[in-house]
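Numbering (the UniProt record's numbering), first residue to last: 1 to 237.
Put into structure tokens, the structure is as follows:
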């Protein structure tokens, strides 16, 4: 059954598998200057809520006044705003906003496509919407009760999605694999150093053996003998 007015802590859009909870700000008017500047006339509160979900770019919340009081009664908010910017009024007006549990789970495409458009592209919508996920993902929803700064009880929801593949698994080796590669490279370097040292040692021994087998050339010996004769000739008689 469609919700005709702002009642309770939350209002929920539930169409074609897309479930989006809004935080109610009953009796308040959003004063932040973030509206679409294109109000429409909607027959009910739930119709204004549906317009917010189905609009693009992303609608963050809306103001609603009863149908028939003016030519326009549904104002959508096109940017994020603080809850404190919604103030109580003497005239009849209600408001609602997306909670952090929904906003924190949105991808960049959702800002451009809006909630419904993003969902139709297969993008997961929100952390608190167990049915608003692509068919390839599953999630479990739990609910709890918290209170805002005014003491109002607010029903919140959270979900844990099935784990998705790690980016490491698709784009590169895991941490353990990288560690193994590093250890292998280190071992190879050590082995190369040992082999190089062995080769240098063998080369030195080979050169020493060559010197022993091949003494200085004969011409070098002649030069040494001539120098020795000159030294003897220069000695006093």
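C-beta: ideal position from N, C-alpha, C; glycine also. Given the structure is predicted, the values throughout are model-derived calculations rather than measurements.
Leaving out five residues before and five after residue i in sequence, what residues of the same chain have Cβ atoms less than 6 Å from its Cβ?
i: residue 113; result: 56
i: residue 264; result: It is not possible to answer for residue 264, since the shown part of the chain is limited to 1 through 237.
i: residue 35; result: 75 and 77
i: residue 99; result: 23
i: residue 107; result: 123
i: residue 5; result: 45
i: residue 31; result: 85 and 87
i: residue 26; result: 6 and 94
From which residue to which residue does the alpha helix (DSSP H) around residue i run?
i: residue 271; result: Here the chain has residues from 1 to 237 only, and residue 271 is not among them.
In angstroms with no decimal places, state the Cα-to-Cα distance between residue i and residue j.
i: residue 9; j: residue 29; result: 16 Å
i: residue 238; j: residue 109; result: A query on residue 238 cannot be resolved here, the shown segment of the chain reaching from 1 to 237 and no further.
i: residue 18; j: residue 62; result: 19 Å
i: residue 43; j: residue 51; result: 11 Å
i: residue 41; j: residue 65; result: 9 Å
i: residue 180; j: residue 194; result: With a pLDDT of only 43 at residue 180, under 50, the local geometry of the prediction cannot be trusted, and the value read off the model is given with reservation. Each residue's alpha carbon lies about 21 Å from the other.
i: residue 11; j: residue 118; result: 20 Å
i: residue 120; j: residue 81; result: 26 Å
i: residue 131; j: residue 73; result: With a pLDDT of 39 at residue 131, under the threshold of 50, the predicted position of this residue should be treated as unreliable, though the coordinate-derived value follows. Approximately 30 Å between the Cα atoms of the pair.
i: residue 90; j: residue 83; result: 18 Å
i: residue 15; j: residue 125; result: 13 Å
Quick one: what's got a C-beta closer than 8 Å to residue i's C-beta in the same chain, skipping five residues either side?
i: residue 111; result: 57 and 58
i: residue 92; result: 65, 66 and 69
i: residue 38; result: 76
Which stretch, first to last residue, makes up the beta strand (DSSP E) that contains residue i?
i: residue 94; result: 94-98
i: residue 120; result: That residue, residue 120, is in no beta strand (DSSP E); its alpha helix (DSSP H) goes 108-120.
i: residue 125; result: Careful: residue 125 lies outside any beta strand (DSSP E) and carries neither H nor E.
i: residue 76; result: 74-77
i: residue 11; result: 10-15
i: residue 80; result: Premise fails: residue 80 is in no beta strand (DSSP E) and is neither H nor E.
i: residue 87; result: 86-88
i: residue 29; result: 28-30
Take residue i and list the residues in its own chain whose beta-carbon comes closer than 7 Å to its own, dropping the five residues that flank it on each side.
i: residue 79; result: 34 and 60
i: residue 71; result: 41
May I ask you to verify whether the segment 99-107 touches the segment 40-51, counting CB pairs closer than 8 Å and requiring at least 3?
-> Per the Cβ contact rule, the segment 99-107 is not in contact with the segment 40-51 (fewer than 3 Cβ pairs under 8 Å).
Enumerate, from N- to C-terminal direction, the unbroken beta strand (DSSP E) stretches of 3 or more residues contained entirely within the segment 46-70.
-> Correct list: 61-64.
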